[in-house]
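Trainee: The structure follows.
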Amino acid sequence: MLESVAHLEKVAKQWNVNTEDVLLIALNACGARSPLTKPRMRFQLRLDSRPADPLFLILSLGREDSPFELDEHELRLGGVKVGEIDGIEDDDAVLGYWRNGHRMLTLNSNARSQCTGCVFCPNTLEDASDPKIKALDLAGYLGALAANSDLADLSSVETVTVCTGCFLHEHLALDHLAEVRRAMGANGCTGTLHFLSSVLTTATGLEAAAELGPFHLTLTAECFTERRQILKESKAKLTPEEMVTALGHAKDRGITTDFTYIVGLDPIEAAVENLKHFVPVTTTFPRFQTYQAHNPFMDVYRTPGSGTIEWHLTMRRSIEQLFTDTGLRPAWWQNYRSPWCFTFAGEELTGARI
62 MLESVAHLEK
72 VAKQWNVNTE
82 DVLLIALNAC
92 GARSPLTKPR
102 MRFQLRLDSR
112 PADPLFLILS
122 LGREDSPFEL
132 DEHELRLGGV
142 KVGEIDGIED
152 DDAVLGYWRN
162 GHRMLTLNSN
172 ARSQCTGCVF
182 CPNTLEDASD
192 PKIKALDLAG
202 YLGALAANSD
212 LADLSSVETV
222 TVCTGCFLHE
232 HLALDHLAEV
242 RRAMGANGCT
252 GTLHFLSSVL
262 TTATGLEAAA
272 ELGPFHLTLT
282 AECFTERRQI
292 LKESKAKLTP
302 EEMVTALGHA
312 KDRGITTDFT
322 YIVGLDPIEA
332 AVENLKHFVP
342 VTTTFPRFQT
352 YQAHNPFMDV
362 YRTPGSGTIE
372 WHLTMRRSIE
382 QLFTDTGLRP
392 AWWQNYRSPW
402 CFTFAGEELT
412 GARI
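Every position in the sequence shown, counted from 1, becomes a number in our numbering once 61 is added.
Dropping the structure here:
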């Protein structure tokens, strides 16, 4: 995908994209060779070209065919140092973690690690530390998390995200979301309740979600072709048309809407043809994620041609054309596998990145 720093600079110039974004796309797509013994790690990266802008990444390691190499101290491309590494830790499924400083809290509050669904998901590769939180102690957990983060309460938290793959039915998800909202209230948080899922789709369910207070639905679309082969049943059974309808119903009820999509599973033509129908029902920038193959077996799910940086830059440009006029823009702190970090369609992106 990238052979060297010289190759990186050549591609960036040809495509008129900053080198950092090209490098990050390739890094997410290729993973890295590493002497570290874990197959997947999270860490902070300071690129040598932008040392004042620390980034957070979650990366597949042990990829012996990658042009990137990562150890406890630095990242190299073709043997040449391109960044410094800090804060390496296992990418286990922890109960909760912060993004954007302490403005956004993500909860894996329904035992995310027990999900054994979609082929691209790393949850089954790592041990996890996310025992299911009982309804009675969820408020206590949030209080402890606030105290451990030197916060008096959670009144300054803008968003609490429930990110889990273990709800089999809509009513079970709504019951849990109601518990999360009560726990938020008990800790002084009136912010947005954000839910990533494919089970909340009916008009009745969306009405109930809207009644929980400020609500944000991220529908887990993921891909449009080979859905039965790639996705677990609760996702695969939804058609693109049904997803668009669900997001439309949510938008009509005042719910913030977007979706997740894995770049590298669909041919570009099929992706664009389907994505264009999602644009009118999307109110914040979607979570487009570069496909990470965590082992050689997962490489077989890459769409033909996506092993080149040119394919990824073509896809990036195609998505930019769909969303440029909407005014919606990506934020790296929301999505550590984004095809965009520092620029979008030539426009500088501002704001936090960790």
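The beta-carbon is built from N, C-alpha and C at its ideal position, and this holds for glycine as well.
Judging by CA-CA distance, which residue of Phe256, Cys402, Gly157 is the nearest neighbour of Ala311?
Mentor: Taking only the C-alpha atoms, the option nearest Ala311 is Phe256.
Trainee: Let's test the definition: count the other Cβ atoms within 10 Å of the Cβ of Pro400 and tell me whether it reaches 16, buried, or not, exposed.
Mentor: Buried, since its Cβ has 16 or more Cβ neighbours within 10 Å.
Trainee: When burial is assigned at 16 or more other CB atoms within 10 Å of the CB, is Gln382 buried or exposed?
Mentor: Gln382 comes out exposed.
Trainee: Pro347: buried (16+ other C-beta within 10 angstroms of its C-beta) or exposed?
Mentor: Looking at its Cβ environment, which holds 16 or more other Cβ atoms inside 10 Å, Pro347 is buried.
Trainee: Alpha carbon to alpha carbon, what distance is there between Glu272 and Arg94?
Mentor: Cα-Cα distance, rounded: 48 angstroms.
Trainee: Would you tell me roughly how many angstroms separate the C-alpha atoms of Phe320 and Leu280, rounded to the nearest one?
Mentor: Their backbone Cα atoms lie some 4 angstroms apart in a straight line.
Trainee: Within the continuous beta strand (DSSP E) that includes Lys142, where are the two ends?
Mentor: Residues 141-151.
Trainee: Helix, strand or coil: which one does DSSP assign to Ala282?
Mentor: Looking at Ala282 - three-state DSSP - the assignment turns out to be strand.
Trainee: Give me the Cα-Cα distance between Arg414 and Val324, rounded to the nearest whole angstrom.
Mentor: Those two C-alpha atoms are separated by around 20 angstroms.
Trainee: Of all the alpha helix (DSSP H) runs that stay within the bounds of the stretch 236-323, which reach a length of 4 or more residues?
Mentor: Entirely contained in the stretch 236-323, the alpha helix (DSSP H) runs reaching 4 residues are, in chain order, 264-271, 288-291, 294-297, 301-313.
Trainee: Quick check on the DSSP output: what are the complete beta strand (DSSP E) runs of length 3 or more inside the stretch 70-147, in order along the chain?
Mentor: Qualifying beta strand (DSSP E) stretches, in chain order: 101-108, 116-121, 129-131, 135-138.
Trainee: Report buried or exposed for Arg243, applying the criterion of at least 16 other Cβ atoms within 10 angstroms of its Cβ.
Mentor: Flag for Arg243 reads exposed.
Trainee: Under 6 angstroms Cβ to Cβ from His277, same chain only, skipping five residues before and after it: list those, please.
Mentor: Taken in chain order, the residues that qualify are Thr253, His255, Thr317.
Trainee: Can we say the stretch 392-410 touches the stretch 114-121, given the rule of at least three CB pairs closer than 8 angstroms?
Mentor: They touch, by the three-pair rule.
Trainee: Would you list the one or two residues that DSSP bridges to Phe358?
Mentor: DSSP lists no partner for Phe358.
Trainee: For Thr286, collect the residues of the same chain with a Cβ closer than 6 angstroms to its Cβ; drop the 5 residues on either side in sequence, then sort them by chain order.
Mentor: Asp327, Ala331, listed in sequence order.
Trainee: Does the distance from the CB of Met62 to the CB of Gly368 come in under 8 angstroms?
Mentor: It is a contact, given that the beta carbons lie within the stated cut-off.
Trainee: Hey, would you say Leu374 sits closer than 8 angstroms to Arg390, going by beta carbons?
Mentor: Cβ distance not < 8 angstroms, so Leu374 and Arg390 don't count as in contact.
Trainee: So which of Gly201, Glu219, Leu85, Arg137 has the shortest CA-CA distance to Gly162?
Mentor: Of Gly201, Glu219, Leu85, Arg137, the residue nearest in Cα terms is Glu219.
Trainee: Could you tell me which uninterrupted alpha helix (DSSP H) segments, each at least 4 residues in length, are contained entirely in the stretch 341-390, listed from first to last along the chain?
Mentor: As far as the stretch 341-390 is concerned, its whole alpha helix (DSSP H) runs of at least 4 residues are 370-384.
Trainee: Here's a check: name, in chain order, each residue in its chain whose Cβ is nearer than 8 angstroms to the Cβ of Asn396, leaving out the five neighbours to either side.
Mentor: Excluding sequence neighbours, Asn396 sits near Arg348, Phe349, Gln350.
Trainee: Cutting at 7 angstroms between CB atoms, please list the residues of its own chain near Arg314, excluding the five before and the five after it.
Mentor: The residues are Leu267, Glu268, Ala271.
Trainee: Provide the residue(s) that pair with Cys224 in DSSP beta bridges, ordered along the chain.
Mentor: Paired residues: Leu257.
Trainee: Give the straight-line distance between the Cα atoms of Lys142 and Glu283, rounded to the nearest whole angstrom.
Mentor: Going from the Cα of Lys142 to the Cα of Glu283 covers about 33 angstroms.
Trainee: With a CB to CB cut of under 6 angstroms and the five nearest residues on each side skipped, what residues in its chain are close to Leu88?
Mentor: Only Phe129 meet the Cβ criterion.
Trainee: Helix, strand or coil for Tyr397? Go by DSSP, reduced to three states.
Mentor: If DSSP states are grouped into helix, strand and coil, Tyr397 belongs with coil.
Trainee: Where do the N-terminal and C-terminal ends of the beta strand (DSSP E) with Leu166 fall, by residue?
Mentor: First-last of the beta strand (DSSP E) with Leu166: 165-168.
Trainee: Out of curiosity, what's the CA-to-CA distance linking Ala200 and Glu371?
Mentor: Cα-Cα distance, rounded: 48 angstroms.
Trainee: Can you tell me which residues form a DSSP beta bridge with Glu409?
Mentor: According to DSSP, which records beta bridges pairwise, Glu409 is partnered with Thr404.
Trainee: Mind checking Arg289: buried by the 16 CB within 10 Å criterion, or exposed?
Mentor: It counts as exposed.
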